[in-house]
Amino acid sequence: MAGLLFVIAILLVAAFANVLAPYPPDLTDNAVFLKPPAWQAGGSWAYPLGTDAIGRDMLSRLIFGARLSLLIGIAVVALAIVVGIALGLVAGFFRGVTEIAIMRLMDVILTLPSLLLAIVIVAILGPGLMNAMLAVAVVVLPHYVRITRAAVITETSKDYVTAARACGAGRLRLMLSEVLPNCAAPLIVQASLGVSTAILDAAALGFLGLGAQPPASEWGTMLADAREFVLRAWWVVTFPGLMILLTVLAFNLLGDGLRDALDPKLKR
356 MAGLLFVIAI LLVAAFANVL APYPPDLTDN AVFLKPPAWQ AGGSWAYPLG
406 TDAIGRDMLS RLIFGARLSL LIGIAVVALA IVVGIALGLV AGFFRGVTEI
456 AIMRLMDVIL TLPSLLLAIV IVAILGPGLM NAMLAVAVVV LPHYVRITRA
506 AVITETSKDY VTAARACGAG RLRLMLSEVL PNCAAPLIVQ ASLGVSTAIL
556 DAAALGFLGL GAQPPASEWG TMLADAREFV LRAWWVVTFP GLMILLTVLA
606 FNLLGDGLRD ALDPKLKR
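Residue numbers (the working numbering): 356 to 623.
What follows is the structure, given as structure tokens:
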């Protein structure tokens with residue numbers, strides 16, 4: 356429930372960023388370079404969380420960064436789950452050579468370190484937000500394919516599928532109308548966990564300069580911009596890192612809760 360409440364809160368912050376942010380995220384002020392938070396000596400309540408190296412308000416950038424980071428996480432998971440379900444259904448239903456080809460490709464992707472694979476893909480495609488999202492989607496894709504295939508193989512051996520097949524249901528109807536809805540529970544759990552993975556990987560790419568490019572207010576990019584000021588201005592690295600930590604933790608807690616709620620084996 357704590358994870359769910361935080362996720363709802365961060366979604367509301369992202370949705371109403373234009374209202375909640377006191378300043379535009381890219382507005383600079385030459386008079387307030389690296390101004391500390393309001394509660395620290397030299398700070399001002401005009402900039403509650405301080406400013407960065409070119410005078411941009413940290414609070415406003417964190418609020419708009421929530422919108423961008425959540426957009427990345429949700430878009431990556433949406434792309435991965437659509438492609439993963441399609442490949443998993445095909446592998447689970449057709450079996451044979453088709454299944455072997457799909458699953459061995461997924462195994463190859465899984466053998467590579469996820470962040471390294473994402474870096475290689477972005478290096479080939481070029482740095483940028485869209486390419487970073489595509490790279491992270493490729494990295495998380497095998498999990499959805501494997502979960503869907505395993506669920507399809509389990510469900511196709513059950514009586515209701517046999518009955519539907521005996522009633523003349525075609526393969527497409529069996530895949531989409533009969534089997535897929537009963538595979539939803541593990542996919543929902545994986546999707547909630549996948550959002551946190553996508554946010555973390557996208558932040559890592561942004562930190563390396565391969566994801567969202569300045570002046571975008573993405574949390575990983577904010578960390579990259581603040582590296583040289585770690586010892587002089589602790590707030591420019593602490594607050595973006597803390598937002599990544601709390602958001603990823605919230606989605607992980609939400610995923611664990613959904614697993615407990617949707618797994619019939621854990622219900623009394």
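Think of the CB as a built atom: it goes at the ideal place given N, C-alpha and C, for glycine as much as any other residue.
- Between A473 and V494, the gap from beta carbon to beta carbon is short of 8 Å.
- For the options R416, G549, V445, the alpha carbon positioned closest to that of L578 is the one of R416.
- Our two residues, L560 and F449, have alpha carbons roughly 37 Å apart in a direct line.
- Assigned with DSSP and collapsed to three states, D580 falls in helix.
- Taking 8 Å as the cut-off, the beta carbon of F584 is found no closer than this to the beta carbon of L548.
- Ranked by how close their Cα comes to the Cα of G564, the residues D381, A456, L484 have L484 in first place.
- Burial is judged here by how many other beta carbons sit within 10 angstroms of a residue's own beta carbon; P468 has fewer than 16 and is exposed.
- Taking a C-beta distance under 8 Å as the contact criterion, L414 and P377 qualify as a contact pair.
- Excluding the 5 residues flanking it on each side, V362 has same chain C-beta neighbours closer than 7 Å at A605, F606, L609, in chain order.
- Beta-bridge partners assigned by DSSP to T406: D412.
- Our two residues, L404 and V432, have alpha carbons roughly 31 Å apart in a direct line.
- Its Cα nearest to that of L465, the residue A492 stands out among A492, A588, L480.
- F594 sits buried, since 16 or more C-beta atoms from the chains shown fall within 10 Å of its C-beta.
- Below 8 Å, too few C-beta pairs join the region 452-466 and the region 536-551 to call them touching: fewer than three.
- A straight-line Cα-Cα distance of about 18 Å links I429 and A540.
- Shown here, T453 sits in a helix according to DSSP, grouped into three states.
- Scanning L555, C522, A441 for the CA closest to the CA of A506 turns up A441.
- In this chain, the alpha helix (DSSP H) harbouring A478 covers 469-480.
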